[in-house]
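Colleague: If you scroll down you'll find the structure; I have some questions about it.
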Amino acid sequence: MEMVYMSAAIIIGLGALATGIGFALLGGKLLESTARQPELGDQLQTKTFIMAGLLDAVPMIGVGIAMYLIFVVAG
1 MEMVYMSAAI IIGLGALATG IGFALLGGKL LESTARQPEL GDQLQTKTFI
51 MAGLLDAVPM IGVGIAMYLI FVVAG
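Under full-length UniProt numbering, the first residue of the sequence shown is numbered 1, with each subsequent residue one higher.
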């Protein structure tokens with residue numbers, strides 16, 4: 001039973017870590033691209049927000065799987 005809780009914690013933790021790294025890379029590339037071509041700033045920002053939304057979905061799926069493990073498998 002303790003292994004289920006440990007697995008859920010690892011899923012949530014690694015999902016949060018990967019999302020943080022993804023947002024850092026995404027923001028860095030946005031700044032880099034906007035500095036190179038300022039006239040495309042609005043288009044790049046729109047595409048970055050779409051990608052941020054998709055990137056944010058990954059840890060939410062992990063949280064859902066972890067909650068399933070905690071409440072259904074271990075319960």
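C-beta: ideal position from N, C-alpha, C; glycine also.
1. Of all the options 63, 75, 68, which has the alpha carbon lying nearest to the alpha carbon of residue 11?
2. Looking at the structure shown, is residue 45 part of a helix, part of a strand, or coil, going by DSSP?
3. Rounding to the nearest angstrom, what Cα-Cα distance links residue 59 and residue 15 in this structure?
4. Are residue 19 and residue 30 touching if we call contact CB-CB under 7 Å?
5. Compute the beta-carbon to beta-carbon distance between residue 44 and residue 33, rounded to the nearest angstrom, for a pair I have assumed lies under 8 Å.
6. Run through DSSP, which three-state label would residue 1 get?
Modeller: Let me lay it out:
1. For the purposes of this step, residue 11 is identified with residue 11 of the sequence shown, where counting begins at 1. Of all alpha-carbon atoms in 63, 75, 68, the one lying nearest the alpha-carbon of residue 11 is that of 63.
2. Along the sequence shown, read from residue 1 onward, the residue named residue 45 stands at position 45. Here residue 45 sits in helix by DSSP.
3. The residue labelled residue 59 in the question sits at position 59 within the sequence shown. The residue labelled residue 15 in the question sits at position 15 within the sequence shown. Between residue 59 and residue 15, the alpha-carbon positions lie close to 5 Å from each other.
4. For the purposes of this step, residue 19 is identified with residue 19 of the sequence shown, where counting begins at 1. For the purposes of this step, residue 30 is identified with residue 30 of the sequence shown, where counting begins at 1. For the pair residue 19 and residue 30, the CB atoms are not nearer than the 7 Å cut-off.
5. Taking the sequence shown and counting its residues from 1, the one referred to as residue 44 is at position 44. Taking the sequence shown and counting its residues from 1, the one referred to as residue 33 is at position 33. Indeed, because the Cβ distance is near 5 Å, the residues count as touching under 8 Å.
6. The residue labelled residue 1 in the question sits at position 1 within the sequence shown. Assignment of residue 1 by DSSP, reduced to helix, strand and coil, places it in the coil class.
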